[in-house]
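So this is what it looks like as structure tokens:
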């Protein structure tokens, strides 16, 4: 009888474990589906899904968490791009004066993007979601900052396209990093607009 009871407990434990695992899998699939649906509103859908899907459980099908995660990932990408572009004059010999100036301008532009993304995250953290008018004011500020960050990314690349002043290899080095930042910023802006719409009257 005691052995039977132990066997029953063992199988009940296995059943409970399978149920918990199954529930967790279903929950995570729901979160992944939410991310995929949200990313369909962005211009760069594949990049959006690939970057956000590892954070599905953190996002938890929540538009505010989705927005904050997208902004944090964009900020991280912008910081990495700034660090890399800063290193170009030290890693490559023979930069022309035009290239040195374009690199310096680009570092400044992407640095401004970093500041604007940080401001956006700070503002979202301080937002009072119960106050609809305050929420819309905050979201308006966030949209303005992220739009400005996107403009800065474009301005950085424009600096290398003026005339024939920059060698293709230098342009490509910068473009490879800045385009990713610009695309992530564009996606984040689309998700911000989606989030803002959830509180519209």
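In the working numbering, the protein residues as written are 17 to 217. The beta carbon of each residue, even a glycine, is placed where N, CA and C say it ideally should be.
Could you give the first and the last residue of the continuous alpha helix (DSSP H) run that contains residue 11? Any property of residue 11 remains undetermined from this structure, which presents the chain solely from 17 to 217.
Taking residue 55 as the reference, give the member of 207, 72, 116, 123 with the closest Cα. Comparing alpha-carbon positions, the option among 207, 72, 116, 123 lying closest to residue 55 turns out to be 207.
Please classify residue 199: is it buried, with 16 or more other beta-carbons within 10 angstroms of its beta-carbon, or exposed? So residue 199 ends up on the buried side.
Using C-beta distances below 7 Å, list every residue in its chain close to residue 128, excluding the 5 sequence neighbours before and after it, in chain order. Answer for residue 128: 168, listed in chain order.
Does the beta-carbon of residue 196 have 16 or more other beta-carbons within 10 angstroms, so that it is buried, or is it exposed? Buried is the call here.
Give the range of the alpha helix (DSSP H) segment to which residue 65 is assigned. Element bounds for residue 65: 61-68.
Should the region 86-106 be called in touch with the region 130-139, which here means at least 3 C-beta pairs below 8 Å? Judged by Cβ distances under 8 Å, the region 86-106 makes contact with the region 130-139, as three or more pairs qualify.
Excluding the 5 residues preceding and the 5 following residue 58 in the sequence, name in chain order all residues of the same chain whose CB lies nearer than 6 Å to its CB. Taking C-beta separations shorter than 6 Å and ignoring five residues to either side along the sequence, the partners of residue 58 in its chain run 64, 203, 206, following chain order.
Could you check what DSSP says for residue 38 in three-state terms: helix, strand or coil? Residue placement at residue 38 cannot be trusted, given a pLDDT of 46 that sits under 50; what the coordinates show is reported in the next sentence. In the structure shown, residue 38 sits in a helix (DSSP, three-state: H, G or I).
Which parts of the region 131-189 are runs of the beta strand (DSSP E), unbroken and 3 residues or longer, counting only runs that do not cross its ends? Runs of beta strand (DSSP E) with 3 or more residues, each lying fully within the region 131-189, are absent.
For residue 111, the three-state DSSP class (helix, strand or coil): Here residue 111 sits in coil by DSSP.
Contacting residues, own chain, Cβ-Cβ under 8 Å from residue 126 (five flanking each side not counted): Closer than 8 Å at the Cβ level, and outside the excluded window around residue 126, lie 94, 97, 98, 101, 168, 169, 172, 194, 197.
For residue 73, count neighbouring C-beta atoms within 10 Å of its own C-beta (all shown protein chains included) and say buried if the count is 16 or more, exposed if not. For residue 73, the number of other beta carbons within 10 angstroms of its own is below 16, and it is reported as exposed.
Going straight from the alpha carbon of residue 175 to that of residue 112, what length do you get? Between residue 175 and residue 112, the C-alpha separation is close to 14 Å.
Own chain partners of residue 75 with C-beta closer than 8 Å, once the 5 adjacent residues on each side are dropped: 47, 50, 51, 68, 81, 82, 85, listed in sequence order.
Kindly indicate which three-state DSSP category residue 193 falls into: helix, strand or coil? DSSP places residue 193 in helix when its eight states are reduced to three.
Grab me the residues of residue 38's own chain with a C-beta within less than 8 Å of its C-beta, minus the 5 sequence neighbours each way, in chain order. With a pLDDT of only 46 at residue 38, under the threshold of 50, the placement of this residue in the model should not be trusted, and no figure is reported.
In three-state DSSP terms, what is residue 58? In the structure shown, residue 58 sits in coil (DSSP, three-state: anything other than H, G, I, E or B).
Sub-8 Å separation of residue 190 and residue 122 beta-carbons: Yes, the Cβ-Cβ distance between residue 190 and residue 122 is below 8 Å.
Assuming residue 214 contacts residue 162 under a Cβ cut-off of 8 Å, what Cβ separation, rounded to an integer in Å, is found between them? Approximately 17 Å separates the beta-carbon atoms of residue 214 and residue 162; this is outside 8 Å, ruling out the contact.
Beta-carbon separation of residue 124 and residue 182 under 8 Å? Cβ distance not < 8 Å, so residue 124 and residue 182 don't count as in contact.
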